[in-house]
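At position 204 of the sequence shown (counting the first as 1) the number is 190 in the working numbering, and the numbers step up by one without a gap.
Here a beta-carbon is modelled for each residue, glycine too, at the ideal position from N, C-alpha and C.
Data block below; observations after.
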Amino acid sequence: MDAPAEPWLLSAMRFNSASIVGLLSIVSMAAALPAAAQMSPGEARAHADAVIGRAGAGDWFVNITVSDTPVVRHTPSGMTCEFVGQDDRDVIRLYGSPSAAGEDVSCATWIGRTFVTVFATRYPFEATEQQAFDSAYSQIEQNWPHARAVERPFEILTLPGQTAPTMAVFEVDLDGSPSQSILMVRQIGDWSFKARATGPDENDVAIEFGTMQFATALPGGWDVLQAGPRD
């Protein structure tokens, strides 16, 4: 991978290890997008408004777009959704029980050929990170019985000050193509945050895009990213 323009943004950590093995930039996601996908700031803001509007999510999401990338925030949890793909398929979903209205939501976007969804849920009962992870892991096993868990070491990306998520990586076959599917979970206060990323099994790109998107989605992540390097 070429040296990034802003290497302070994200640290790459080896999963199940505390050692920092390098620095990468979230701006590398832009390389996955065709030039035609780039928007002006005004277009990006209109795109974010449209995504909120299609979902009827205006009571719980606000448009915080400030550049050429559409960005919205789920105000109850603090989760930030960056629609990097700037795609007509970008979507916010509101789920029903058992959580109260607006307390079980997700945002999804395409980044090149990788599909990333981030979730925020406040359950009406106490839940631990491991419980949330185990539940999501079981759903993957049920829905994709042929998925194979990856046991080798791999790099994940986090913003400064963040704890690495509980996560798993699977090898799957989608329409005959080797692919990766990544599950990431963090419990922060009353909120369970989860992300799923599925994309081509090529140089761990789905892991890179998925963990970068999750890092910025977690409460405070986007703000750290925008604050820039510190002396």
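| query | result |
| --- | --- |
| Count the other CB atoms within 10 Å of the CB of Asn49; is the residue buried (16 or more) or exposed (fewer)? | buried |
| Which one of Pro164, Glu137, Thr66 has the shortest CA to CA distance from Thr95? | Thr66 |
| So, does the segment 176 to 188 touch the segment 200 to 208, judging by three or more C-beta pairs under 8 Å? | yes |
| Report the three-state DSSP secondary structure of His219 (helix, strand or coil). | This structure cannot settle anything about residue 219, because the visible part of the chain is limited to -13 through 217. |
| Taking the alpha-carbon positions, what's the Val210 to Pro146 distance? | 8 Å |
| With three or more beta-carbon pairs closer than 8 Å as the criterion, would you say the segment 150 to 164 touches the segment 121 to 133? | yes |
| What does a CB cutoff of less than 7 Å around Asp122 pick up in its chain, not counting 5 residues either side in sequence? | First, the residue type needs correcting, since residue 122 is Ala and not Asp in the sequence shown. So the list reads Leu169, Val171, Lys180, once near-sequence residues are dropped. |
| Is DSSP giving Gly206 helix, strand or coil here? | coil |
| So, using beta-carbon positions, are Ala34 and Thr61 closer together than 9 Å? | no |
| With respect to the beta strand (DSSP E) encompassing Ser167, which residues constitute its N-terminal and C-terminal limits? | 163 to 174 |
| Could you check what DSSP says for Ser53 in three-state terms: helix, strand or coil? | coil |
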